[in-house]
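Convert by adding 2 to the 1-based position in the sequence shown; the result is the number in my numbering.
Quick reminder that beta carbons are idealized off the backbone N, C-alpha and C, glycines included.
Written below as structure tokens is the structure these notes are about.
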Amino acid sequence: MLYLVILGILGFYFINLVGSYLAIRAVIFQKPSRGTIPLPVVSRMEKTRISAGNRSLDARIRRVADDSPVIIIFHGQGEVVDMWAACQEAFAEAGFSTLVFDYSGFGASSGAGARGLGVLPCDSQAVLQASAALIPGN
């Protein structure tokens, strides 16, 4: 009888452990979104593409002035550039130019979605290098 009780308790903990693992995995490694979310896009945003190896990253630039400081926005996983239009406008009102981009496989960017780190470092490096040409004077 004690054997069955111990087996039941172990089974209960095993099911909870597996369930917790699957739930955490689903949150951390979300499937990449395709396309853009239909949010109002401010007309002052410039759409552009940035090359990152054999991939093409979708990006939005909000320029204030050639000599204004630039903020590069690395958004969260599962988000897309259009979600950041209001934030970019707020930074513009404060005198900052901004650049936000979609990682490979997200939004309108090409390539496979990243799981864990994947291509994120390569995407980030490509954006940092391209920002100097995209927003002169910075």
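Contact set for residue i: own chain, Cβ-Cβ below 6 Å, skip 5 residues either direction
i	result
SER99	ARG65, VAL66, SER70, VAL72 and ILE137
VAL121	SER106
SER2	It is not possible to answer for residue 2, since the shown part of the chain is limited to 3 through 140.
ARG57	SER106, SER112 and GLY113
ALA132	ILE52
Residues near residue i by beta carbon distance below 8 Å, same chain, minus five either side
i	result
LEU41	Caution is warranted here: a pLDDT of 47 is assigned to LEU41, below 50, making its placement in the model unreliable, and the coordinate value is therefore given only provisionally. These residues qualify, in order along the chain: ASP84, MET85 and ALA87.
ALA128	ILE52, SER53, ALA54, GLY55 and LEU59
Assigned secondary structure, residue i (DSSP; H/G/I helix, E/B strand, else coil)
i	result
GLU81	coil
ALA54	strand
VAL129	helix
Residue range of the beta strand (DSSP E) that includes residue i
i	result
VAL121	VAL121 -> no beta strand (DSSP E), and no H or E assigned at all.
Close-in-space but distant-in-sequence residues of the same chain around residue i (CB under 7 Å, 5 per side omitted)
i	result
THR50	ALA61, ILE63 and LEU136
ARG46	ARG64
VAL43	Because VAL43 carries a pLDDT of 46, less than 50, the predicted location of this residue cannot be relied on, and no value is offered for it.
GLY97	VAL66 and SER70
Boundaries (first-last residue) of the alpha helix (DSSP H) holding residue i
i	result
PHE103	Careful: PHE103 lies outside any alpha helix (DSSP H), inside the beta strand (DSSP E) at 99–103.
Integer Cβ distance of residue i from residue j, believed to fall under 8 Å
i	j	result
PHE157	SER126	Summary: the structure shown does not reach residue 157, with the chain confined to residues 3 through 140, and so no result is reported for it.
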